[in-house]
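Read in the UniProt record's numbering, the sequence shown has 457 at position 457, and its numbers run on one by one without any break. So the structure is just underneath, and the comments pick up after that.
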Amino acid sequence: MSWKQVEQRFDRVAFRGSYGHDDHESFPTIDASQFGYCIGMQQTAQFAGELLQVLKGRKNHNNKLTKKEIYGYWHRLTNPSYSSSLQIFFDMCDKDMDGKITKDDFKQMIMLSVTTNKLDMKQEEAEHFASMIMLEVDTQQKGYIEYKHRAAFQVMGYCLSTAKGAAETLKFNMALILLPVCRILVTWLRRNPRISSVIPFNDTINFHKLIAGGIVIGVILHGGTHLACDFPRITGSNPIVFQRTFGTKFGNQQPSYFQVLCTTEVATGIAMVIIMVIAFSLATRMPRRQSPSLPQPIRRVTGYNTFWYSHHLLIVVYVLLIIHSMFLFLVTSFAEKTTWMYLAIPVLLYCGERIYRSIRSEIHEVDVLQANMYPGKVLNLKFSKPATFTYSSGMYIFIKCPQVSPFEWHPFSLTSGPNDNHLSIHVRTLGDWSYQIHNLFHQAMMSKPFDYPKVYIDGPYGAASQDHIKYEVVVLIGLGIGATPFISVLKDIGDRLHKPSNNQVHDVEIGFSKGPLKAYLYWITREQSSLGWFKDAMNEISQENQKQKVIEMHNFLTSVYQSGDARSILLSIIQALYFTKSGLDVFSKTRVRTHFSRPNWFKIFSNLACKHAGSRIGVFYCGSLKLARELEGLCTKFSTKTTTRFVFHKENY
1 MSWKQVEQRF
11 DRVAFRGSYG
21 HDDHESFPTI
31 DASQFGYCIG
41 MQQTAQFAGE
51 LLQVLKGRKN
61 HNNKLTKKEI
71 YGYWHRLTNP
81 SYSSSLQIFF
91 DMCDKDMDGK
101 ITKDDFKQMI
111 MLSVTTNKLD
121 MKQEEAEHFA
131 SMIMLEVDTQ
141 QKGYIEYKHR
151 AAFQVMGYCL
161 STAKGAAETL
171 KFNMALILLP
181 VCRILVTWLR
191 RNPRISSVIP
201 FNDTINFHKL
211 IAGGIVIGVI
221 LHGGTHLACD
231 FPRITGSNPI
241 VFQRTFGTKF
251 GNQQPSYFQV
261 LCTTEVATGI
271 AMVIIMVIAF
281 SLATRMPRRQ
291 SPSLPQPIRR
301 VTGYNTFWYS
311 HHLLIVVYVL
321 LIIHSMFLFL
331 VTSFAEKTTW
341 MYLAIPVLLY
351 CGERIYRSIR
361 SEIHEVDVLQ
371 ANMYPGKVLN
381 LKFSKPATFT
391 YSSGMYIFIK
401 CPQVSPFEWH
411 PFSLTSGPND
421 NHLSIHVRTL
431 GDWSYQIHNL
441 FHQAMMSKPF
451 DYPKVYIDGP
461 YGAASQDHIK
471 YEVVVLIGLG
481 IGATPFISVL
491 KDIGDRLHKP
501 SNNQVHDVEI
511 GFSKGPLKAY
521 LYWITREQSS
531 LGWFKDAMNE
541 ISQENQKQKV
551 IEMHNFLTSV
561 YQSGDARSIL
571 LSIIQALYFT
581 KSGLDVFSKT
591 RVRTHFSRPN
601 WFKIFSNLAC
611 KHAGSRIGVF
621 YCGSLKLARE
631 LEGLCTKFST
641 KTTTRFVFHK
651 ENY
C-alpha cells in the first residue's frame, strides 16, 4: 500500500480535536483502534494493535494519532532494510521489554500469527515449534536470545562497544577543540553581553586543554581496546564466524596480528597517536617554558618555537582522521561514516579564519615609530596605528618579525590606550624568539638613522581584562611584566572620564556599563630596575588623575625589607622626604609611591570590602598560578563573609 492510499484513509476517518497536553492546539487525529484500517490491516485488528504498540513504544499510552505519526510508522514498516524488519519483529516478540526473547515469547508470537491468518494450531504444537526455533538460534543455550549478539559482537564482545563508544567521543572532541582557537569568532562573540554572560570566554584556553584531556582519554580507550582486545580476537576467532564478519575485508584469509596492523585504518590510527603524543607532550607547561628542571638535552629541543611548530603537525592528524574514517572495519555504507560530518563546520571555520587573518595582517601594515630598551631585557615598541584598526583596552595582538621567523606569531598585550594615535607593546626576553627580536632592535638602535626591522601585526583579540567595563570598581593586580594589559585599561579609564570615546558609546549601546568609577592597580616586581618599564605611562596616568582621584596605583618592590624593619627604616624616611618635596618616588622616579616587601592581601581585601560595602568588584590578575589561587580564595572568602562581592578574572599568562 502506498503512502497516498494510507493518507486518503486517514483523511476519511480523521477528526479535529485537542492533542497532547495543550488544549489550544488542534490537529486532525484518528483513534489508535483505526490504525489497522489506515494501513490496510482492518481485517486483523489484533495484529495491527500489537504492531502499533511496537512502533510507538509500549510505554506510550496516547490513544490519538496524527498524520505525521502515521507517516513515521508507515515509513518504518516499508523500510526494506533487513535490520529494520528484524528490529520490529524482535520488539513484537519482546512484550516485557527486557531485551530478551524466550521460548514462551516465540510461542505467543506463533499463536498470534496463526490467529491472524485464520489458521488452527494447538498449544502443544506451538510450543514444539517454539522449541525448534530456540534450538536453532540459541546456540549458547542460555534459554533466551538477544538482539545485540550479532556476528561482530561474537568475535570482539564488549571491547568493540568500548572502542566504538570512545570513537564517537573522539569525533566530537576533535571538532569541538577547534572552536576555542577561532580567535576572531571568540572576540566577536564576547562583545555581546548576553552571550558573554553565559559562555566563559575568559576560559577558552582552559577549555581547549580540557577537551585535549578528553581526547587523550578517548585515544587510550579507543586505541587500547582495539590493540589489546579486538585485534587479538579477530586473529584468533572461529574461522566460520570470521568468514561471516571480516572475511571479505581480508580476502577470506584470516590475518596475523601484524597484518591487521598494516591495514589502512590501523596504520593511520597509529600514525595519529604518534603525532598526538609528540604535539601534546611539547604543549605541556614545562617543555613550552623550557623549565630549568628539565634535563639539558631535552631543554635544547623544547621552547615556544618547538611547541608552535609541533602543534601545527596536528593538521596532518586531521587529514589522517578523514582517511581513517573512510576505511573502517564493518562499515561499508557512506552514510555510516560520520566523522566528516562532525569536522566539516569547525574545520571550515578555523581554515577560513586562518586565511582571513593572513590577509588582514598584510592589510594592517605598520611602521615601527619608536623602540625603547629597559633594564631586565624589556623592549618597548610603538607602531603606527592603521586607519581601520580599532580595539578595546585589555586586548592583545600577535606580532610577526620575518627577520626572526617568517611563520611565527607571538601574542602581546597592548599597553596603549584605545584613544592613543599609536600602538604600543612591551616585550620581555623570556624565550628564543623574544631574545632574537630584542637583539635585532638593539642592533637597529645602534645605527643612525634607526633601521628598524619590519613587523606585522594580527588582531586585536579579546582577553579577560576587557571585562573591566562590567564593573564600577576594579582591582588590577600584575606580577612583573603581567602588568602590561592593565596599563591600557588604566589609560582607557582615564580617557573615559575626561571624554566619551567611540568604544564607550558602543559599549553602552550593546548593554555594558559606562565603565569603572574607581580603579586600583597593584603592581608587584622584584627588581628596582623593573619600575622603569611603565614609567612614562604611569606619570601620564597620574597627571590626568590628579583632580578626580579615580585611579589609585601601588607599586610593591619585594626585594626590599618591609616598612618598619630596621634594615629599611632609613630608606622609608628618605622616600617620604623626597616624595613630599618633589612629588616623585625616589625609587621609581614616578608619581606612584613604592611599597616595600610583598602586599598583605588579606588587609587589602578587608579595606576594599569596607570601603565599597555592597558593591560588586572585578578583580583582574595576570601572573603566576600560585598567587592566582591565593587571590581567588580571598575573593571567595570575602564575597561570602561580607556584603561586597569580589569576582575574580585571570589573564592567560
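By construction, the Cβ of each residue, glycine as well, lies at the ideal position given by its N, Cα and C atoms.
First and last residue of the uninterrupted beta strand (DSSP E) at residue i
i, result
"Thr-66", "64–66"
"Ala-483", "That residue, Ala-483, is in no beta strand (DSSP E); it is neither H nor E in DSSP."
"Thr-525", "518–525"
"His-410", "410–413"
"Ser-529", "Neither: Ser-529 is in no beta strand (DSSP E) and is coded neither H nor E."
Buried versus exposed call for residue i [16 or more other C-beta atoms within 10 Å across all chains shown]
i, result
"Asp-22", "Here Asp-22 scores only 49 on pLDDT, less than 50, and its place in the model should not be relied on; the value that follows carries that caveat. Under this definition Asp-22 is an exposed residue."
"Tyr-471", "buried"
"His-75", "exposed"
"Asp-230", "buried"
"Met-446", "exposed"
"Arg-288", "buried"
"Asp-11", "exposed"
"Ala-519", "buried"
"Gly-40", "exposed"
"Glu-509", "Summary for Glu-509: the model assigns pLDDT 41, below 50, so the residue's position carries little reliability, and this model does not support an answer."
"Glu-50", "buried"
"Glu-552", "exposed"
"Thr-225", "buried"
"Asp-507", "Bear in mind that a pLDDT of 49 at Asp-507, under 50, signals an unreliable position, so the model cannot answer this."
"Trp-3", "exposed"
"Ile-195", "exposed"
"Gly-251", "exposed"
"Tyr-396", "buried"
"His-24", "Low per-residue confidence applies at His-24: pLDDT is 43, beneath 50, and the placement is therefore not dependable, though the value from the model is reported in the following sentence. It counts as exposed."
"Ile-524", "buried"
Cβ distance (whole Å) where residue i is taken to contact residue j below 8 angstroms
i, j, result
"Asp-492", "Phe-398", "At roughly 21 angstroms, the Cβ-Cβ gap does not stay under 8 angstroms, so Asp-492 and Phe-398 are not in contact."
"Ile-205", "Glu-353", "At roughly 17 angstroms, the Cβ-Cβ gap does not stay under 8 angstroms, so Ile-205 and Glu-353 are not in contact."
"Leu-476", "Leu-521", "5 angstroms"
"Ala-464", "Phe-534", "About 19 angstroms; that fails the 8 angstroms criterion."
"Gly-618", "His-468", "6 angstroms"
"Thr-169", "Gly-214", "7 angstroms"
"Ile-278", "Ser-310", "6 angstroms"
"Gly-480", "Tyr-304", "About 18 angstroms; that fails the 8 angstroms criterion."
"Pro-418", "Tyr-391", "6 angstroms"
"Ser-416", "Ser-424", "4 angstroms"
"Cys-635", "Phe-620", "Not quite, the Cβ-Cβ distance comes to about 11 angstroms (not below 8 angstroms), so this is no contact."
"Thr-268", "Leu-227", "The pair is not a contact, with the Cβ atoms about 14 angstroms apart (cut-off 8 angstroms)."
Element boundaries [alpha helix (DSSP H), containing residue i]
i, result
"Glu-552", "No alpha helix (DSSP H) holds Glu-552; the beta strand (DSSP E) holding it covers 551–557."
"Val-273", "264–282"
"Arg-591", "Where Arg-591 is concerned, there is no enclosing alpha helix (DSSP H), given that its DSSP letter is neither H nor E."
"Arg-233", "231–235"
"Cys-610", "601–611"
"Lys-56", "45–56"
"Ile-322", "314–326"
"Tyr-396", "Unbroken run through Tyr-396 is the beta strand (DSSP E), 396–400; no alpha helix (DSSP H)."
"Ala-537", "535–544"
"Ser-310", "304–311"
"Pro-255", "First-last for Pro-255: undefined, no H or E at that position."
"Leu-210", "204–225"
Beta-carbon proximity list for residue i, same chain, < 8 angstroms, skipping 5 on both sides
i, result
"Val-505", "Bear in mind that the predicted position of Val-505 carries a pLDDT of just 42, short of 50, making it too unreliable to give a figure here."
"Val-273", "Val-219, Gly-223"
"Val-455", "Val-366, Val-368, Leu-381, Phe-383, Ile-399, Lys-400, Cys-401"
"His-208", "Ile-177, Pro-180, Val-181"
"Phe-201", "Val-186, Leu-189, Arg-190, Gly-462"
"Lys-100", "Asp-94, Tyr-144, Ile-145, Glu-146"
Cβ neighbours of residue i in the same chain (closer than 6 angstroms, five flanking residues each side left out)
i, result
"Tyr-73", "Leu-55"
"Thr-339", "Lys-171, Ser-325"
"Met-156", "Asp-230, Arg-233"
"Ser-559", "Arg-526"
"Asp-105", "Cys-93"
"Leu-349", "Cys-182"
Contact set for residue i: own chain, Cβ-Cβ below 7 angstroms, skip 5 residues either direction
i, result
"Gly-511", "Because the pLDDT at Gly-511 is just 45, under 50, the model does not fix this residue reliably, and the value given afterwards should be weighed accordingly. Correct list, in chain order: Pro-193."
"Leu-179", "Pro-346"
Proximity test, residue i beta-carbon vs the ligand ATP heavy atom, cut-off 6 angstroms
i, result
"Asn-372", "For the structure depicted, the ligand ATP is absent and the ligand set is empty, with no information on it obtainable."
Starting from the N-terminal side, write out each stretch of the beta strand (DSSP E) that is 3 residues or longer and does not extend beyond the region 350–378. 368–374
Unbroken stretches of the alpha helix (DSSP H), 4 residues or longer, contained in the region 110–193: 123–137, 151–156, 158–176, 183–190
So within the region 414–478, which uninterrupted beta strand (DSSP E) runs reach at least 3 residues, ignoring any that extend past its ends? 422–428, 456–461
In chain order, which alpha helix (DSSP H) runs of at least 4 residues are fully inside the region 615–646? 625–641
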